[in-house]
Amino acid sequence: MIDKTIPYVKFQMERNTSKKLPDRQLLVGYQFSFYTPGDERDWQAIETSVGEFDNLSEAQGYFQKNFVPYPDELEKRMTFVTDPSGKKVATCTAWWAKEGGPQFHWLAVMREAQRKGIATFLTVKVTALLEELYPDQPAMLHTQTWNYPAITIYQKLGYTFVSGTKDFEKGMSILKDIVRRED
Numbered sequence: 001m002i003d004k005t006i007p008y009v010k011f012q013m014e015r016n017t018s019k020k021l022p023d024r025q026l027l028v029g030y031q032f033s034f035y036t037p038g039d040e041r042d043w044q045a046i047e048t049s050v051g052e053f054d055n056l057s058e059a060q061g062y063f064q065k066n067f068v069p070y071p072d073e074l075e076k077r078m079t080f081v082t083d084p085s086g087k088k089v090a091t092c093t094a095w096w097a098k099e100g101g102p103q104f105h106w107l108a109v110m111r112e113a114q115r116k117g118i119a120t121f122l123t124v125k126v127t128a129l130l131e132e133l134y135p136d137q138p139a140m141l142h143t144q145t146w147n148y149p150a151i152t153i154y155q156k157l158g159y160t161f162v163s164g165t166k167d168f169e170k171g172m173s174i175l176k177d178i179v180r181r182e183d
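Listed below in structure tokens is the structure:
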């Protein structure tokens with residue numbers, strides 16, 4: 001879940017392709033899949049449930065504008081995890097940045113499926129997909145202080161902060177305070 005109680009600062013992170021990714025598996029009963037038409041409603045529900053959007057209508061507008069124009073790309077880049085009951089509970093996308101490079105995009109896991117290794121599994125899976133689609137290019141992602149639990153996952157898998165962005169030092173200070181508070 002996004003923690004909007006702390007100040008918001010945006011970060012950029014990147015991962016060099018030279019570091020080997022660990023092998024991660026889903027718990028028994030959970031399934032990995034790629035987007036198929038109709039999954040946009042699941043994407044919207046997942047992203048809204050974690051606080052990325054205030055409501056489904058806002059999520060739908062984002063999806064329509066940014067993903068619908070690329071149906072063929074969605075089917076090979078947007079991923080989901082389904083729980084044992086058949087409900088889609090997590091998503092992440094291997095997209096691209098405006099500059100054309102690999103972009104790790106929109107990781108979200110519904111509250112009831114958190115703490116089961118799904119976020120790490122999807123981070124590994126989508127990072128590997130980016131490395132396949134963009135050989136020898138570092139994977140990029142944007143995140144924010146509100147999403148500090150995911151930052152820990154990204155760092156464990158070799159993503160590092162790109163310094164020099166606006167408010168970088170302020171953001172790092174906020175993250176250090178969070179770590180001290182949780183210790």
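Sequential numbering from 1 applies to the sequence shown in UniProt numbering. Glycine included, every Cβ here is placed at the ideal spot set by N, Cα and C. Please read all numbers here as calculations on a predicted model, not as lab measurements.
First through last residue of the alpha helix (DSSP H) which encompasses residue i
i, result
"A94", "Element bounds for A94: not the alpha helix (DSSP H) but the beta strand (DSSP E), K88 to W96."
"T82", "First-last for T82: M78 to T82, but that is the beta strand (DSSP E), not the alpha helix (DSSP H)."
"T165", "Counting along the chain, T165 falls outside any alpha helix (DSSP H), and DSSP gives it neither H nor E."
"I118", "I118 to L133"
Opposing strand residues paired with residue i [DSSP bridges]
i, result
"M1", "Paired residue(s): none; M1 is not in a bridge."
"E14", "M140 and T160"
"G155", "In the sequence under discussion, the amino acid at residue 155 is Gln, which differs from the Gly named in the question. According to DSSP, Q155 bridges with nothing at all."
"F104", "A94 and L141"
"V109", "A90"
Whole-angstrom distance between residue j and residue i, CA atom to CA atom
i, j, result
"V28", "V68", "32 Å"
"K157", "G51", "Checking the sequence, you will find Leu at residue 157 rather than Lys. About 24 Å."
"M172", "L122", "25 Å"
"L107", "A94", "10 Å"
"L133", "Q103", "11 Å"
"I2", "Q137", "29 Å"
"F63", "V162", "27 Å"
"T82", "K88", "4 Å"
"P135", "A128", "10 Å"
"E73", "T143", "22 Å"
"F11", "T165", "7 Å"
Residue i beta carbon near the ligand ZN (any heavy atom closer than 7 Å)
i, result
"A150", "In the structure shown, the ligand ZN is absent, as is every other ligand, since no ligand is present at all."
Residue-level contact to chain B via CB, residue i, 8 Å cutoff
i, result
"M1", "Although the question refers to chain B, the structure presented lacks it and comprises just one protein chain."
Any chance the region 67-81 sits against the region 33-41, with 3 or more Cβ pairs inside 8 Å?
yes
Ignoring anything shorter than 4 residues or poking outside the region 15-73, list the alpha helix (DSSP H) runs there in chain order.
40-49 and 56-66
Indicate whether the contact test is met: 3 or more Cβ pairs, each with one atom in the region 54-72 and one in the region 136-152, closer than 8 Å.
no
Under 8 Å, with one C-beta from each stretch per pair, do the region 112-119 and the region 17-34 reach the 3-pair mark?
Judged by Cβ distances under 8 Å, the region 112-119 makes contact with the region 17-34, as three or more pairs qualify.
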